[in-house]
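Asks:
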Amino acid sequence: MIRFGYSGLPPDGVDDAEFLDGLVEQGHGAYELAFVKDFPWNEKRCAAFGKVATNRGVALSVHAPYFAILTVEDEDKRKQCLAALEHTMKLGRALGAHTIVAHTGHVGERSGDQLHELVAEGLTRIEPKVSALGVALGLETSGTERAFGSLGDIALIANRFSFVRPVIDWAHVHAKSGGALVDKDAFRAVIDFLRAQFPGWAIDPLHTQFTDNEFGAHGEIRHIPYGTGSIKAGPLAEAATEAGLRMIVISEAKDAESHAGIFEDLRTGEATARPETTGEGTSIASGVVDFPEDVLVDGSSMVIGFDRALKVSNTDKVLFPGAGITKGDLITYYRAIAPLLLPHLEGRALSMSRLPDGITGHMFYEKQTPKHAPEWIVRAPIHSQHRGEPIEFVTAPHVESLMWLANMACIEVHPWLSRVQQPDRPDFAIFDLDPMEGVTW
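Under the working numbering, think of the first position of the sequence shown as 60, with each following residue one higher.
(1) According to DSSP, Asp271 sits in a beta bridge with which residue or residues?
(2) From Ile216 to Glu176, what does the alpha carbon distance come to, in whole angstroms?
(3) Measuring only the C-alpha atoms, how far is Gly497 from Ala382?
(4) Could you tell me which residues DSSP pairs with Pro398 in its beta bridges?
(5) Quick one: using the 10 Å Cβ neighbour count with 16 as the cut-off for buried, is Val160 buried or exposed?
(6) In this structure, how does DSSP classify Lys243 when only helix, strand and coil are distinguished?
(7) So the alpha helix (DSSP H) Glu323 belongs to, where does it begin and stop?
(8) As an exercise, report each continuous alpha helix (DSSP H) stretch of at least 4 residues that is fully enclosed by the region 72-146, in chain order.
(9) Going by CA-CA distance only, name the one from Ile61, Pro264, Leu79 and Phe126 that's closest to Pro69.
(10) Give the straight-line distance between the Cα atoms of Leu182 and Leu129, rounded to the nearest whole angstrom.
(11) Under 8 Å between C-beta atoms, does His231 make it to chain C?
(12) Take the Cβ of Glu349 as the centre, count every other Cβ of all protein chains shown within 10 Å, and call the residue buried at 16 or more, exposed below.
(13) Could you tell me how far apart the beta carbons of Trp229 and Leu401 are, in whole angstroms, since I believe they sit closer than 8 Å?
(14) Round the Cβ separation of Tyr285 and Gly340 to the nearest angstrom and send it over; I've been treating them as touching at under 8 Å.
(15) May I have a chain-ordered list of the alpha helix (DSSP H) segments no shorter than 4 residues that lie completely inside the region 372-420?
(16) Comparing alpha-carbon positions, which option in Lys426, His233, Asp74 and Glu77 lies nearest Glu279?
(17) So Glu451 is in the beta strand (DSSP E); what residue range does that whole segment cover?
(18) Give me the Cα-Cα distance between Pro124 and Glu459, rounded to the nearest whole angstrom.
(19) Note the first and the last residue of the continuous alpha helix (DSSP H) segment covering Met462.
(20) Using the C-alpha atoms, what's the distance from Ile343 back to Ala106?
(21) Any idea if Lys386 is buried or exposed, counting beta-carbon neighbours within 10 angstroms, 16 or more meaning buried?
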């Protein structure tokens with residue numbers, strides 16, 4: 060699914076509901092607030108706009124000020140930049156945004172290692188304040204030789220900081236590749252690289268920007284009206300649809316005609332995309348719950364449209380007798396909440412709470428990964444003092460892992476409070492309030 064919107068600010072004097080209703084009427088499902096010069100709105104204003112947008116199903120994002128970069132060395136300016144990034148993320152939280160967008164910075168006379176150290180030092184400073192906001196810091200791919208932040212650079216940074224996500228500016232990638240993004244296969248190569256370098260939850264949905272541009276030997280020169288350059292949105296939509304990639308596309312064009320042209324080509328590309336799997340498939344949900352998207356299986360019960368092969372079984376088995384909710388519903392539910400749940404499970408071993416006969420039947424805990432688990436299940440061997448040997452715990456870095464757990468009738472998953480790299484050092488606390496009998500609060 061592709062959500063389209065454009066970047067800007069609502070015009071003065073126009074009611075929020077009226078403005079957002081206008082976007083919805085045009086078929087737009089996203090909008091990016093361009094706070095690129097300063098902060099015209101405070102948190103209260105953002106919260107009010109975000110509430111109206113949420114009620115209309117419009118996904119919001121924020122572009123941080125251009126000066127808020129991570130490669131400034133002057134300490135006073137560096138503090139200002141980091142404070143601006145932190146403030147933008149807080150505004151994003153107020154808006155209910157999934158991602159805020161920022162530029163990484165400039166290269167200057169520094170080596171790649173020096174730049175990565177500088178970025179890491181800055182992110183380490185703000186990490187305690189922003190990592191739990193529920194908003195991703197999206198680092199935008201650079202478009203010139205002078206700008207720091209290739210897709211490979213961002214992958215390295217995101218590997219160290221879990222609140223960092225990639226933001227793909229397709230025009231920038233096009234410019235730095237010398238104009239390579241001209242067909243579906245070229246876009247698919249970028250998507251495949253993303254899936255190889257980032258965990259599934261970090262690119263679901265993938266936040267992207269799109270416009271036409273003029274470029275030269277050193278990268279992007281300027282934005283130009285859509286249709287006058289060599290990059291087209293249709294092949295991008297085809298590649299993303301065939302890959303089963305959920306994506307937000309924000310037009311950064313400067314005119315309404317370009318917005319409309321990009322949107323039209325995206326819709327055409329989606330409509331003409333050829334699915335990678337054959338057959339329509341059958342939904343595994345019971346119909347009791349109205350899910351945003353179905354999970355489909357083919358005639359051999361293999362799930363359709365995902366990167367990893369997953370076979371499900373007994374999907375019509377009722378797990379919640381009172382409501383008639385089935386195992387197929389549970390699998391579909393975990394698929395639906397994956398973007399919200401996966402970041403909280405990142406790097407953590409899981410204990411499985413299994414109820415194969417439903418919530419009224421026998422429940423048992425399982426720590427060891429079953430021998431029949433698919434090869435793609437990521438295992439975490441952790442030494443057990445009780446057993447005197449390692450236990451191979453399950454981890455869940457991608458949506459297919461969650462669906463596999465649900466197929467095992469794991470109605471609950473219990474993540475460790477520490478990460479597998481340092482199992483003896485918890486980085487998360489839970490307060491279990493267990494009041495005595497008779498307590499009424």
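Virtual Cβ for every residue (Gly too), placed ideally from N, Cα, C.
Replies: If we stick to the structure as given:
(1) Ile283
(2) 10 Å
(3) 29 Å
(4) Bridge partners of Pro398: none, in fact.
(5) buried
(6) helix
(7) Ala315 to Thr331
(8) 75-84 and 102-114
(9) Leu79
(10) 8 Å
(11) Considering every chain present, this structure includes no chain C. It has just one protein chain.
(12) The question names Glu, but residue 349 is Asp in the sequence shown. So Asp349 ends up on the exposed side.
(13) Actually they do not touch by this definition, with Cβ atoms about 25 Å apart.
(14) Not confirmed; about 35 Å, so no contact.
(15) 386-404
(16) His233
(17) Glu448 to Val453
(18) 37 Å
(19) Val458 to Asn466
(20) 37 Å
(21) buried
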